[in-house]
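Participant: Under my numbering, the very last position in the sequence shown is 147; numbers go up by exactly one each time.
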Amino acid sequence: MIDGPYFVLTVLGVLGTALVAGVFYGFSTFVMKGLATLPPAQGVAAMQAINVAAVTPAFMFLFVGSAVLCAVLAVVTFVLWPEEGTVELLLGSALYLFGSFGVTMVANVPRNDALARLEPGTPAAASYWTAYVREWTAWNHIRTVASAAAALSYALALT
């Protein structure tokens, strides 16, 4: 059984990855669907505003802090190599670091950056918007599942 500071780190891993999964789930299930129903100029402008508003200390602490915590859990697991929960801890860390944080950096952020460079009412923005919604949402589904699976994996390590 995991105990002491290692237990606290694992519980924080469950909470952090689950909260991130919840944010991403909201985007996958209704935010992007709602934005997609808007005329392209309004959808682009709204998503640009959301992308700016997302980079707040509160969200970045949760998102990046969870990545740091997952990395710490992975290192501690390799060093301590506990009798129970090793696979679950390493799997949870990999799921979040690659499937959530990594996918964000290589798939979602570049699309957000491309969208930010567009003027909402232009033909270029309208043309990009349809592909952006489809592709960004598909990658977001992956982030959602990876974050939720990381939380589940960490929770299983505690049992």
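Even glycine gets a Cβ: it sits at the ideal position worked out from N, Cα and C.
Is it right to say W117 is buried, meaning 16 or more other beta carbons lie within 10 angstroms of its own, or is it exposed?
Facilitator: On the sequence shown, position 129 is the one that residue 117 refers to. Flag for W117 reads buried.
Participant: Between Y(-6), P(-7), F(-5), A9, which has its C-alpha nearest I130's C-alpha?
Facilitator: Reading the sequence shown from its first residue, position 142 is the one you call residue 130. Selected option, being the one with the closest Cα: A9.
Participant: So, is E107 buried or exposed, given that buried needs 16 or more other C-beta atoms within 10 angstroms?
Facilitator: In the sequence shown, counting from the first residue as 1, residue 107 sits at position 119. It is exposed - the Cβ of E107 has fewer than 16 other Cβ atoms within 10 Å.
Participant: If we call anything under 7 Å between Cβ atoms a contact, is L61 one with L50?
Facilitator: In the sequence shown, residue 61 corresponds to position 73, counting from 1. In the sequence shown, residue 50 corresponds to position 62, counting from 1. No, the pair does not count as a contact, with Cβ atoms beyond the cut-off.
Participant: In angstroms with no decimal places, state the Cα-to-Cα distance between L146 and D(-9).
Facilitator: Taking the sequence shown and counting its residues from 1, one reaches residue 146 at position 158. Taking the sequence shown and counting its residues from 1, one reaches residue -9 at position 3. Rounded to the nearest angstrom, the two C-alpha atoms are 9 Å apart.
Participant: Select from V(-4), P(-7), R99, L3 the residue whose C-alpha is nearest the C-alpha of A195.
Facilitator: The shown model of the chain, from -11 to 147, leaves out residue 195, and the question about it has no answer.
Participant: For my contact list, A134 and S88 are in at a C-beta cut-off of 8 Å; report their separation, rounded to the angstrom.
Facilitator: In the sequence shown, counting from the first residue as 1, residue 134 sits at position 146. In the sequence shown, counting from the first residue as 1, residue 88 sits at position 100. Rounded, the Cβ-Cβ distance is 5 Å, consistent with contact.
Participant: By the DSSP assignment, the alpha helix (DSSP H) with I(-10) in it spans what residues?
Facilitator: Indexing the sequence shown from 1 puts residue -10 at position 2. Per DSSP, I(-10) belongs to no alpha helix (DSSP H) and is neither H nor E.
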